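Report on the structure given below.
Numbering (our numbering), first residue to last: 37 to 271.
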């Protein structure tokens with residue numbers, strides 16, 4: 037099957053978690069909005085009045101199925117791409133962890149847009165600084181400390197069992213994104229999460245991921261995405 041991924045063409049965003057799974061598995065997929073007339077095709081998919089139209093990107097078309105929401109897409113793809121446990125209980129556990137990661141993604145975004153996405157960062161600099169300070173003091177240790185403990189409890193290989201899952205790929209993206217957005221703060225914090233840093237580094241050397249990161253399919257981090265580098269927030 038050729039999967040069709042629909043997401044904004046200029047940012048990694050929430051679509052990147054799906055891209056990483058598809059790339060690691062060597063799946064055949066099209067990043068539709070990055071093709072000619074892809075944006076209009078994506079808009080049409082959201083404007084249909086019948087069936088199960090998605091609310092917003094990312095969404096995935098797999099045959100006749102249209103699946104929205106990042107964690108939901110990965111729940112569907114996980115078992116089909118060999119990136120999730122086989123048992124129902126394991127698949128639900130992976131889904132639960134992915135939902136937790138997506139909660140964290142919202143908090144990362146809110147560091148630079150604490151008053152909402154309709155305002156520019158420049159319109160909320162002071163609240164962003166307060167939110168970012170609280171984020172690094174309270175929220176980063178809570179979230180990353182949780183996943184660090186899960187890795188340690190399982191011997192440090194992967195978060196779920198002895199095989200890589202889409203949860204590990206998503207944690208790779210979290211570490212990479214925080215390193216981009218907050219290089220100074222992340223550098224000081226990394227000694228507290230050695231297992232997560234090791235996981236990130238091991239994933240970056242997996243053949244399919246290495247090839248993807250070096251390709252033009254990997255959109256560069258930028259200040260339109262979730263992870264944004266603002267010097268005033270990285271002290």
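Quick reminder that beta carbons are idealized off the backbone N, C-alpha and C, glycines included. The model shown is predicted, which means the values in this text are computed figures rather than measured ones.
- By the Cβ rule, the segment 239–249 does not count as touching the segment 213–230, because fewer than three pairs are nearer than 8 Å.
- Of the candidates 171, 241 and 210, the residue whose Cα lies closest to the Cα of residue 271 is 171.
- Between residue 117 and residue 61, the CB-CB gap stays under 8 Å.
- Of the candidates 49, 104 and 94, the residue whose Cα lies closest to the Cα of residue 209 is 49.
- For residue 42, the uninterrupted beta strand (DSSP E) segment begins and ends at 39–42.
- If the five residues before and after residue 151 are omitted, its C-beta is found closer than 6 Å to the C-beta atoms of 160 and 163, all from its own chain and listed in chain order.
- Burial is judged here by how many other beta carbons sit within 10 angstroms of a residue's own beta carbon; residue 184 has at least 16 and is buried.
- Closest in alpha carbon position to residue 82, among 95, 73, 126 and 72, is 95.
- By the 16-neighbour rule on beta-carbons within 10 angstroms, residue 206 is buried.
- Note on the segment 43–122: whole alpha helix (DSSP H) runs with a minimum of 4 residues are 51–61, 74–83 and 106–116, in chain order.
- Looking at the backbone, the Cα of residue 203 and that of residue 131 are separated by about 8 Å.
- Going by DSSP, residue 169 is part of the alpha helix (DSSP H) stretching over 161–170.
- With a 10 Å radius around the Cβ and a threshold of 16 neighbouring Cβ atoms, residue 128 comes out exposed.
- Leaving aside the five residues that flank residue 216 on each side, the residues in its chain whose CB is nearer than 7 Å to its CB run, in chain order, 257, 263 and 265.
- Taking C-beta separations shorter than 7 Å and ignoring five residues to either side along the sequence, the partners of residue 57 in its chain run 110, 113, 117, 119, 202 and 205, following chain order.
- Close CB contacts of residue 51 within its chain, under the 6 Å cut and outside five residues either way in sequence, are with 43 and 94 (chain order).
- Residue state for residue 252 is assigned as coil, using DSSP reduced to three classes.
- DSSP places residue 259 in the coil class of the three-state scheme, outside both helix and strand.
- Here residue 229 carries a coil assignment [DSSP, helix/strand/coil].
- The alpha-carbon of residue 108 is positioned some 9 Å away from that of residue 134.
- Residue 124 and residue 138 have their C-alpha atoms some 21 Å from each other.
- For residue 254, the closest C-alpha among the options 67, 38 and 37 is that of 67.
- The alpha carbon of residue 260 has as its nearest neighbour, out of 153, 227 and 239, the alpha carbon of 153.
- Looking from the CA of residue 87, the closest CA among 74, 77 and 101 belongs to 101.
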